[in-house]
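Novice: Quick one: the structure is below, questions incoming.
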Amino acid sequence: MTFARNIINIVIGWLIAVITMAGAIYFLAWKYIRGSEDRQNGAYALLAIVALLIFLMGWLSIWTMIKSALFRRWKRQEEQEEKSGIKLDEPV
């Protein structure tokens, strides 16, 4: 159940990151193509920075979930090796 929950969290985090970044790029491109005169005021640059930060936080959360899942798996494998005395990585 924990593995399935991790996969669901990874997919949700990935979707949030991709949708946010795609929306920001589309919005900035639309404003640029439309030719707005107030492009120089920096509001769009600030929006792009915020969208990039949200994007990076999404990927950081995905990486953290993957890393913690792998760490738990390695820890469990080490505990099983200690209990049984058999190295699971070595060929039999």
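Numbering (this note's numbering) for the sequence shown: 1042 to 1133. Quick reminder that beta carbons are idealized off the backbone N, C-alpha and C, glycines included. The structure presented is a predicted model; accordingly, all values stated were derived computationally and were not measured.
#1: So, under 8 Å CB-CB, residue 1062 and residue 1096 are touching, yes? Tell me the CB distance rounded to an integer number of Å.
#2: Alpha carbon to alpha carbon, how far is residue 1089 from residue 1044?
#3: Pull up the CB-CB distance for residue 1102 and residue 1054, whole angstroms please, since I reckon it's below 8 Å.
#4: Rounded to a whole number of angstroms, what is the C-alpha to C-alpha distance between residue 1048 and residue 1126?
#5: Can you tell me the Cα-Cα spacing of residue 1065 and residue 1050, whole angstroms?
#6: Just verifying my parser: in three-state terms, what is the DSSP assignment at residue 1126?
Specialist: Considering the structure as presented:
#1: One-based indexing of the sequence shown puts residue 1062 at position 21. One-based indexing of the sequence shown puts residue 1096 at position 55. Cβ atoms of residue 1062 and residue 1096 come within 8 Å of each other, at about 4 Å.
#2: Against the sequence shown, residue 1089 aligns to sequence position 48. Against the sequence shown, residue 1044 aligns to sequence position 3. One alpha carbon belongs to residue 1089, the other to residue 1044, and they sit about 34 Å apart.
#3: The sequence position of residue 1102 within the sequence shown is 61, counting from 1. The sequence position of residue 1054 within the sequence shown is 13, counting from 1. That pair is a contact at about 5 Å.
#4: In the sequence shown, residue 1048 corresponds to position 7, counting from 1. In the sequence shown, residue 1126 corresponds to position 85, counting from 1. Taking C-alpha positions only, residue 1048 is separated from residue 1126 by approximately 31 Å.
#5: Along the sequence shown, one-based indexing puts residue 1065 at 24. Along the sequence shown, one-based indexing puts residue 1050 at 9. The alpha-carbon atoms of residue 1065 and residue 1050 are separated by roughly 23 Å.
#6: One-based indexing of the sequence shown puts residue 1126 at position 85. DSSP, read as helix, strand or coil, puts residue 1126 in coil.
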